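Right, one structure below, let's go through it.
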Amino acid sequence: MTLTATLRQRLFRWRSDGTAPIRLGQRRVFILPTGAGLFFAIALAVMLLGAINYTLALGHALVFLLAGIALNGMVHTFRNLHGLVVTPGRCAPVFVGETAHFPLHLGNERATPRLALELEAAPGAGQIRADITGGETLRLALPLPAGRRGWLILPPVRLWTRYPLGLFRAWSYLQPELRCLVYPAPLSSPLPAAGPTPRGGEQGGDGGAEDFAGFRPRQPADSPRHVAWKASARDPARPLLVKQFAGGAQVELRLDWDLTDPALPPETRLSLLTGWVLAADALGARYALRLSGSDIAAGSGEQHRRRCLETLALAAL
Numbered sequence: 060m061t062l063t064a065t066l067r068q069r070l071f072r073w074r075s076d077g078t079a080p081i082r083l084g085q086r087r088v089f090i091l092p093t094g095a096g097l098f099f100a101i102a103l104a105v106m107l108l109g110a111i112n113y114t115l116a117l118g119h120a121l122v123f124l125l126a127g128i129a130l131n132g133m134v135h136t137f138r139n140l141h142g143l144v145v146t147p148g149r150c151a152p153v154f155v156g157e158t159a160h161f162p163l164h165l166g167n168e169r170a171t172p173r174l175a176l177e178l179e180a181a182p183g184a185g186q187i188r189a190d191i192t193g194g195e196t197l198r199l200a201l202p203l204p205a206g207r208r209g210w211l212i213l214p215p216v217r218l219w220t221r222y223p224l225g226l227f228r229a230w231s232y233l234q235p236e237l238r239c240l241v242y243p244a245p246l247s248s249p250l251p252a253a254g255p256t257p258r259g260g261e262q263g264g265d266g267g268a269e270d271f272a273g274f275r276p277r278q279p280a281d282s283p284r285h286v287a288w289k290a291s292a293r294d295p296a297r298p299l300l301v302k303q304f305a306g307g308a309q310v311e312l313r314l315d316w317d318l319t320d321p322a323l324p325p326e327t328r329l330s331l332l333t334g335w336v337l338a339a340d341a342l343g344a345r346y347a348l349r350l351s352g353s354d355i356a357a358g359s360g361e362q363h364r365r366r367c368l369e370t371l372a373l374a375a376l
């Protein structure tokens, strides 16, 4: 960490556990003239010298009027940030290559609006412009590209404004404890072969044919004897259908690291496992996941899918 980054972290840190709301007070809001503001000050100085040299009373009045307007604009620029309440939210997981959106809630407790607020999470990540009416809480999502799996930490957020005249810029740095879990990018490939697992201590013949539950699209791992040929023949344009049964044996998939090609890079193998997890979840099948050092028992549903994807995202290879 550079010296500049260390000083910035100490000066502009969140000063809390990183998740509680924070109010921008005087010590957190900083203000300096912009380039236009410096040019305006130089122009006023030249006008003042001319008014003094030629003893122009109206020239003095004009200079002091413009200076008063500039100082009044400086106060409004500072007040546009002062007292703003910032609350971090929760970031939904994404896959590698997607854009993570870190939510921030900006609360305006006063009656007057706050206009032309700008936020940026990182250089080049995209700026967000916001206007907040009086008494409103606005939810914003700061975009940040997810280039690698694992935890993506939100860098210091720069919040600034040049409202109303553009002669001064007030800013503050925010460092909430926000992070986003990034899953490996899924790769589509045929699911591994599935095996029947008895349920309830019984194993019905042919997958429990007495409890027919419906059809689903055929996967490459499905046996041809399970294909519903008559139902598939009604609409040749559709993919082949496979019978599903509610009782008897239930198909269980085992998604194993060893089933992937060892010649592939480790990240590619994780992407294949991610694609298998999503495909098995879309079929509603029970599946287990096995990695080096991790073995998740067979299950199904959204919670099981999230657990498997989190294991893949945080896998240490």
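Residues 60 to 376 in my numbering are what the sequence shown lists, from first letter to last. For every residue, glycine included, the Cβ atom is placed at its ideal position computed from N, Cα and C. None of these values were measured; they are calculated from a predicted model.
Excluding residues up to 5 positions away in sequence, Ile355 lie with their Cβ nearer than 7 Å to the Cβ of Arg366 in the same chain. In this structure the stretch 155-171 touches the stretch 194-202; the number of beta carbon pairs closer than 8 Å is three or more.
If you look at Gln234, you'll find it isn't in any alpha helix (DSSP H); DSSP assigns it neither H nor E. His363 and Leu97 have their alpha carbons spaced roughly 59 Å apart. Per DSSP, Phe99 has no beta bridge partner at all. Comparing alpha carbon positions, the residue from Cys150, Thr220 and Val241 closest to Glu369 is Val241. Our two residues, Leu121 and Thr78, have alpha carbons roughly 49 Å apart in a direct line. Going by C-alpha positions, Ser248 is about 7 Å away from Trp335. C-alpha of Ser231 to C-alpha of Thr196: approximately 19 Å in a straight line.
Between the C-alpha atoms of Gln85 and Arg208 there is a straight-line separation of about 39 Å. In this structure Ile81 is buried. Its beta-carbon is surrounded by 16 or more other beta-carbon atoms within 10 angstroms.
Judged by pairs of C-beta atoms under 8 Å, the stretch 85-95 touches the stretch 220-235, as three or more such pairs exist. Pairing Arg173 with Leu224 gives a Cβ-Cβ distance that is not under 9 Å.
Contact check between the stretch 312-332 and the stretch 340-349: three or more CB pairs, one atom from each, fall below 8 Å, which counts as touching. Contact fails between the stretch 147-154 and the stretch 180-190, because fewer than three Cβ pairs, one in each stretch, are under 8 Å apart. Under DSSP, Tyr242 takes part in a beta bridge, and its partners are Phe154.
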